[in-house]
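Participant: Okay, handing you the structure first.
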Amino acid sequence: MPLPDLFRKHLLPVLFGVLLTSSLISFPFAVQAITAPELRGQFALQDISNDMHGRDLKEKEFLKADLRGIDLSDTDLRGAVINTSQLQGADLHGANLEDVVAFSSRFDETDLSDANFTNAMLMQSRFMDARIDGTDFTNAVIDLTQIKALCGRASGVNSVSGVSTRESLGCR
Numbered sequence: 472m473p474l475p476d477l478f479r480k481h482l483l484p485v486l487f488g489v490l491l492t493s494s495l496i497s498f499p500f501a502v503q504a505i506t507a508p509e510l511r512g513q514f515a516l517q518d519i520s521n522d523m524h525g526r527d528l529k530e531k532e533f534l535k536a537d538l539r540g541i542d543l544s545d546t547d548l549r550g551a552v553i554n555t556s557q558l559q560g561a562d563l564h565g566a567n568l569e570d571v572v573a574f575s576s577r578f579d580e581t582d583l584s585d586a587n588f589t590n591a592m593l594m595q596s597r598f599m600d601a602r603i604d605g606t607d608f609t610n611a612v613i614d615l616t617q618i619k620a621l622c623g624r625a626s627g628v629n630s631v632s633g634v635s636t637r638e639s640l641g642c643r
């Protein structure tokens, strides 16, 4: 076996292994894990008050947030992330929730009248007894069981988009 083949097949992998091992031993604390919430921390909303009416909360994050009973009416929440949050009894009347991602959140008994959920991702979220007259759900992704329940009480037309709630949900 010529020397270049011997070097390439046997010595090069050994040399690489030695260099890799020595670099890991020399710098054991050089790499530190960063969790997703820490990475996105600058976008998370820390200042939550009972009256957030009309605020600009575009692209803010609400992760496991307790928003029960909070007044978020006429609030701009476009592109916000509202994951595993509690919104029972909150007031979102007239709020703009276009492009919102709300995974596994509870909107039970929430006033969503005249709100805009266009293109929202609402997987595994619940809307039990939520007020939805005039709410626009155009192109929103919602669990089928929730759509059926929402269609049972859907009424009205959104004052901004002019789309009926029943039409936006695809009710029959």
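Per this note's numbering, the sequence shown runs over residues 472 to 643. All C-beta atoms, glycine included, are put in the ideal place defined by N, C-alpha and C. Please read these numbers as outputs of a predicted model, since none were measured by experiment.
With R597 and D579 assumed to form a contact (beta carbons below 8 Å), what rounded beta-carbon distance in angstroms separates them?
Facilitator: The residue you call residue 597 lines up with position 126 of the sequence shown. The residue you call residue 579 lines up with position 108 of the sequence shown. At roughly 6 Å, the Cβ-Cβ gap stays under 8 Å, so R597 and D579 are in contact.
Participant: For the alpha helix (DSSP H) containing L621, name the first residue and the last one.
Facilitator: Here residue 621 refers to the residue found at position 150 of the sequence shown. It spans 615-622 - the alpha helix (DSSP H) in which L621 sits, taken as one unbroken run.
Participant: Give the C-beta separation of L558 and R577 to the nearest angstrom, bearing in mind that I take them to be a contact with Cβ-Cβ under 8 Å.
Facilitator: Walking along the sequence shown from the start, residue 558 turns up at place 87. Walking along the sequence shown from the start, residue 577 turns up at place 106. With a Cβ gap of about 6 Å, L558 and R577 count as contacting.
Participant: What residue range is occupied by the uninterrupted alpha helix (DSSP H) comprising E532?
Facilitator: Taking the sequence shown and counting its residues from 1, one reaches residue 532 at position 61. Not the alpha helix (DSSP H): E532 falls in the beta strand (DSSP E), residues 532-534.
Participant: Bridge partners for L548 per DSSP, in chain order?
Facilitator: By one-based count along the sequence shown, residue 548 stands at place 77. BP columns for L548 are empty, so no partner.
Participant: Using the three-state DSSP reduction, which class does L558 fall into: helix, strand or coil?
Facilitator: Position 87 of the sequence shown, counted from the first residue, corresponds to residue 558. If DSSP states are grouped into helix, strand and coil, L558 belongs with coil.
Participant: Looking at the secondary structure, which residues open and close the alpha helix (DSSP H) in which E638 lies?
Facilitator: On the sequence shown, residue 638 is found 167 positions in, with the first residue counted as 1. Counting along the chain, the alpha helix (DSSP H) containing E638 begins and ends at 636-640.
Participant: Specify the secondary structure class of V572 as computed by DSSP and reduced to three states.
Facilitator: As a working mapping, residue 572 is identified with position 101 in the sequence shown. Reduced to three states, the DSSP call for V572 is strand.
Participant: List the whole-angstrom C-beta distance separating A566 from A591, where the pair is believed to meet the contact cut-off of C-beta under 8 Å.
Facilitator: As a working mapping, residue 566 is identified with position 95 in the sequence shown. As a working mapping, residue 591 is identified with position 120 in the sequence shown. Actually they do not touch by this definition, with Cβ atoms about 11 Å apart.
Participant: Using alpha carbons as the reference points, say which of D527, D545, T546, N521 lies closest to D537.
Facilitator: Residue numbering aside, residue 537 sits at position 66 when the sequence shown is read from its first letter. Among D527, D545, T546, N521, the Cα nearest to that of D537 is on N521.
Participant: Tell me, please, which residues DSSP counts as bridged to R602.
Facilitator: Here residue 602 refers to the residue found at position 131 when the sequence shown is read from its first residue. The partner list for R602 (beta bridge, DSSP) reads D582.
Participant: Report the three-state DSSP secondary structure of V628 (helix, strand or coil).
Facilitator: For the purposes of this step, residue 628 is identified with residue 157 of the sequence shown, where counting begins at 1. If DSSP states are grouped into helix, strand and coil, V628 belongs with the strands.
Participant: For A620, which residues in the same chain have their Cβ closer than 8 Å to its Cβ, ignoring the five residues on either side in sequence?
Facilitator: Your numbering for residue 620 matches position 149 in the sequence shown. So the qualifying residues of the chain are F598, M599.
Participant: Closest by CA to D542, which one among E638, G525, E530, F608?
Facilitator: Here residue 542 refers to the residue found at position 71 of the sequence shown. Per the Cα distances, G525.
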